[in-house]
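Residue 1253 is where the sequence shown ends in our numbering, and the numbering goes up by one at each step. In what follows, a single structure is set out as structure tokens and then discussed.
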Amino acid sequence: MDWTWDLSVLYKGFDDENINKDFEQLKKLVEEGAALMQGDEKTALETCADAFETISALTNKLFSFASLTLATDANNETAQQLMDQLMKFYVRISLLHSAYVRYLGKIENLEDIIASSEKLQNIAFSLRRDKEAAAHLMDEGVEEWVLKMSLTGGDAFSTLRDKLDATLTVDVNGESMPLSAARGLAYHPDAATRKAAYEGELQSYTKIDISMAACLNSIKGEALTLIEAQRFPSVLEKTLFDSNMDMETLNAMLTAMEESLPSFRKYLRKKAEILGHKNGLPFYDLFAPLTPPGYEPKMYTIEEAREKLIVEMSKFSPDMGAFIQNAFDQRWIDIYPREGKQGGAFCAGIHHMDISRVMTNFTGSFSDVSTLAHELGHAWHNRCMKGLPECMTDAPMPLAETASIFNETLLSHAVLSSAEKAERLALLESSLMEATQTIVDIFSRYKFESAVIETRKDHSLSVSELKQLMLDAQDQTYGDGLDPELRHPYMWACKSHYYNSGFNFYNFPYAFGQLFGTGVFALYQQEGPAFVERYNQLLRSCGSARIADVAMSVGIDVRNPDFWRTSLKVYQDNIEEFITLADQLF
Ligand SMILES: [Zn+2]
């Protein structure tokens, strides 16, 4: 059995003449694009809709072929060349799209035109959204220069940040290693190794912290300048606009998260106690493995993992089970790690072909099986959007993890229901360890980023100010769950998300995804098989409405903290059970 993925359905290889043909067609469409926006408005909008549909399809196919090849073969120079050409060309596509948005913004009777055309009714949400976006476009004539300058501004600082991170070496017990390797030691079974890695890591940041602070100050400074040019009241409002989300929803979620913090602190203090700490958990033991005495975690072969996924997902819906079987049969998945292949896992959809590709680095742990379930959830999400116009398939970041978290929850629920005490404890612990990241740590990042942006309005922040704001944010969220002497003042240098120049507050979408997926699963538990069809419809509509409306379509009111409280209750119950089991088994 070949466990690599099949990309030949895209192109036969880099010498396939269709690559050139497609790229030429794409260039022609983009060149001729501006000419479509004139004359009768209804005809113009319909022609634009067709043109953008083809542009998206061609771009996606070409990008996917280059980027998927590079994902498993980092040194493939031909793939890299195509990628570079596409990236360069992408500025032209962005400018064409801005021209289109500007054109839409000037159409006064858009609603009448939509009502008169079946084609436009099918993309009405996208049209209305783009018309709203027109109010936030920069002045024509300035935009192109701002786009180009951001390549040497925010984007350049972001690249510099990645280079500083990638080339930093950490001294752990006299051994020099890359930062990523030192951070990986947080999962090491030996307590002294975890502690030494943490101390080495903190020490290493002193070599780059002034440069890192300069990067962060520049990126957040640029964000503040851009919102002025784009007429947004705040950086957060811009991120919410880009996410189809409103402030009321965000606040409802944060309210419930705030209330749940004491439970998470209880979990952290219990973990600290088991590991022999007196004053809360040291930061370096957040990821410490915790397995009950005598317990050996079960390992899976890929055949067992496939079988498990098909069986469990078929119980939810036979269609989803058959879909997963097909994904394996048709070689949608690149499963094992190998040289030149990147780490981690992801799923990429090629919408117009109704296919996805999933990359994992499977080594046989339960967490790897769960990752497969997660990525195949994304693939199922893509399948549910089959046949929709491309512009209606773009799920905003907070909703993008709905199907993946749902699948993870479904799998862990199935495994937990038949697990013995020791296995149950181990599974609960690894799930709570992750939830602590997506809820407590994400909340600390949200608070930190809010404080940085507020301060940056006044001045550039010094390294010591950044460190203090980070400690304050950890104090407000982790509280007495963490040892106050052993927190992590350099998390702002560690997490790349703060340095994404195009998307600020790249944190709350994680909490949203986790809690929304959990809440949707809770609905399934209440309603059983009757829920399946509504679930698929929910996934289908993720890019076709505002988040609050998408959620309301399955009866979820995301503006009400009660919904979020119900999701968080699942974790709070798990914490109580974890503590009870830990008292029995340790
Ligand atoms: Zn995901």
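Yeah, the Cβ is synthetic: ideal placement off N, Cα and C, and Gly gets one too. None of the values given here were measured: they were computed from a predicted structure.
What's the gap between the Cα of residue 1043 and the Cα of residue 1025? Numbered from 1 along the sequence shown, position 376 holds the residue referred to as residue 1043. Numbered from 1 along the sequence shown, position 358 holds the residue referred to as residue 1025. Roughly 7 Å separates the two Cα atoms.
Examine ligand 1 and report whether any of its heavy atoms sits within less than 7 Å of the Cβ of residue 1041. Reading the sequence shown from its first residue, position 374 is the one you call residue 1041. Yes, the beta carbon of residue 1041 sits closer than 7 Å to at least one heavy atom of ligand 1.
Between residue 1166 and residue 882, which are expected to be in contact by the criterion C-beta below 8 Å, what is the C-beta distance as a whole number of angstroms? What you label residue 1166 is simply residue 499 of the sequence shown in a count that begins at 1. What you label residue 882 is simply residue 215 of the sequence shown in a count that begins at 1. About 6 Å separates the two Cβ atoms, so the contact holds.
Leaving aside the five residues before and after residue 977 along the sequence, list all residues of the same chain whose C-beta is less than 7 Å from its C-beta, in chain order. By 1-based counting over the sequence shown, the position of residue 977 is 310. For residue 977, where only same-chain residues beyond five positions count, the Cβ hits under 7 Å are 988, 991, 992.
Secondary structure of residue 1012, DSSP reduced to three states: Your numbering for residue 1012 matches position 345 in the sequence shown. If DSSP states are grouped into helix, strand and coil, residue 1012 belongs with coil.
Ordered along the chain, which non-local residues of its own chain (more than five positions away) have a Cβ less than 6 Å from that of residue 1200? Here residue 1200 refers to the residue found at position 533 when the sequence shown is read from its first residue. Result list for residue 1200: empty, nothing under 6 Å.
Enumerate in chain order the residues of its own chain whose CB-to-CB distance from residue 957 is below 6 Å, with the five nearest sequence positions on each side excluded. Within the sequence shown, residue 957 is the residue found at index 290, counting from 1. Taken in chain order, the residues that qualify are 1096.
When DSSP builds the beta bridges, which residues end up paired with residue 1149? Stepping through the sequence shown from its first residue, residue 1149 is reached at position 482. Residue 1149 pairs with 948.
Would you say the beta carbon of residue 1045 comes nearer than 7 Å to a heavy atom of ligand 1? Within the sequence shown, numbered from 1, the residue matching residue 1045 stands at position 378. Yes - ligand 1 has a heavy atom lying nearer than 7 Å to the Cβ of residue 1045.
Kindly indicate which three-state DSSP category residue 1225 falls into: helix, strand or coil? As a position in the sequence shown, residue 1225 is number 558, starting the count at 1. Residue state, collapsed to three classes: coil.
Which listed residue (1169, 1249, 1185, 1176) has its alpha carbon closest to that of residue 814: One-based indexing of the sequence shown puts residue 814 at position 147. If we check each option's Cα against that of residue 814, 1169 comes out closest.
What is the C-beta distance between residue 930 and residue 1242, in whole angstroms, given that I count them as a contact (C-beta under 8 Å)? Within the sequence shown, the letter at position 263 stands for residue 930. Within the sequence shown, the letter at position 575 stands for residue 1242. That belief holds up - the Cβ atoms of residue 930 and residue 1242 are roughly 5 Å apart, short of 8 Å.
Do residue 1002 and residue 1030 have their C-beta atoms within less than 8 Å of each other? For the purposes of this step, residue 1002 is identified with residue 335 of the sequence shown, where counting begins at 1. For the purposes of this step, residue 1030 is identified with residue 363 of the sequence shown, where counting begins at 1. No. Outside cutoff.
If we call anything under 8 Å between Cβ atoms a contact, is residue 747 one with residue 737? One-based indexing of the sequence shown puts residue 747 at position 80. One-based indexing of the sequence shown puts residue 737 at position 70. Yes, the Cβ-Cβ distance between residue 747 and residue 737 is below 8 Å.
Whether residue 832 touches residue 846 by CB criterion (8 Å): Locating residue 832 in the sequence shown gives position 165, where the first residue counts as 1. Locating residue 846 in the sequence shown gives position 179, where the first residue counts as 1. Closer than 8 Å, so yes.
Go through its chain and collect everything with a Cβ distance to residue 732's Cβ below 7 Å, but skip five positions before and after it. Indexing the sequence shown from 1 puts residue 732 at position 65. Cβ neighbours of residue 732 beyond the five flanking positions: 674, 677, 678.
I'd like to check one pair, residue 1135 with residue 1111: are the Cβ atoms closer than 8 Å? Stepping through the sequence shown from its first residue, residue 1111 is reached at position 444. Stepping through the sequence shown from its first residue, residue 1135 is reached at position 468. Contact: no.
What separation, rounded to the nearest whole angstrom, lies between the Cα atoms of residue 960 and residue 1248? Looking up residue 960 in the sequence shown gives position 293. Looking up residue 1248 in the sequence shown gives position 581. Approximately 13 Å, taken between the alpha carbons.
Quick one: what does DSSP say residue 1037 is sitting in, helix, strand or coil? Residue numbering aside, residue 1037 sits at position 370 when the sequence shown is read from its first letter. Residue 1037: helix per DSSP, three-state reduction.
Should residue 1069 go down as buried or exposed, given a rule of 16 or more other Cβ atoms within 10 Å for buried? Taking the first residue of the sequence shown as position 1, residue 1069 is located at position 402. Buried: at least 16 other Cβ atoms inside 10 Å.
Note the first and the last residue of the continuous beta strand (DSSP E) segment covering residue 842. In the sequence shown, residue 842 corresponds to position 175, counting from 1. Segment 842-845, the beta strand (DSSP E) holding residue 842.
Does the separation of the CB atoms of residue 752 and residue 725 fall below 8 Å? By 1-based counting over the sequence shown, the position of residue 752 is 85. By 1-based counting over the sequence shown, the position of residue 725 is 58. Not in contact: residue 752 and residue 725 (Cβ atoms no closer than 8 Å).
Going by the DSSP bridge assignment, what does residue 1017 pair with across the sheet? Here residue 1017 is taken as the residue at index 350 of the sequence shown, counted from 1. Its beta-bridge partners are 1022.
Does the segment 762-779 come close enough to the segment 1045-1057 to have 3 or more Cβ pairs within less than 8 Å? no
My parser needs the alpha helix (DSSP H) runs of 4 or more residues fully inside the segment 683-737; what are they? 684-700
Go to residue 902, then tell me how far its alpha helix (DSSP H) extends in each direction, as first and last residue. Position 235 of the sequence shown, counted from the first residue, corresponds to residue 902. Run containing residue 902: 902-909, per the alpha helix (DSSP H) assignment.
Inter-stretch contact at 8 Å, needing at least 3 Cβ pairs: the segment 1184-1193 / the segment 835-846: no
Limits of the unbroken alpha helix (DSSP H) element including residue 751: Position 84 of the sequence shown holds residue 751. Taken as a continuous stretch (DSSP letters only), the alpha helix (DSSP H) holding residue 751 covers 744-773.
Taking 7 Å as the cut-off, is the C-beta of residue 1071 nearer than that to any heavy atom in ligand 1? In the sequence shown, residue 1071 corresponds to position 404, counting from 1. Yes, since a heavy atom of ligand 1 falls inside the 7 Å radius drawn around the Cβ of residue 1071.
For my contact list, residue 876 and residue 1160 are in at a C-beta cut-off of 8 Å; report their separation, rounded to the angstrom. In the sequence shown, counting from the first residue as 1, residue 876 sits at position 209. In the sequence shown, counting from the first residue as 1, residue 1160 sits at position 493. Correct: roughly 6 Å between the Cβ atoms.
Contact between the segment 1054-1064 and the segment 783-798: three or more CB pairs below 8 Å? yes
Verify the CB distance criterion: does residue 1001 have a CB-CB separation below 8 Å to chain E? Absent here is chain E; the protein component of the structure consists of one chain.
Strictly by DSSP, which residues pair up with residue 1108? Translated into positions along the sequence shown, residue 1108 becomes position 441. Looking at the DSSP assignment, residue 1108 forms no beta bridge with any residue, so it has no partner.
Strand pairing of residue 838, partner residues [DSSP]: Working through the sequence shown from its first residue, we reach residue 838 at position 171. Beta-bridge pairing links residue 838 to 843.
Note down the Cα distance separating residue 633 from residue 1104, rounded to an integer number of angstroms. As shown, the chain starts at 668 and ends at 1253. That puts residue 633 outside it, with no answer to give.
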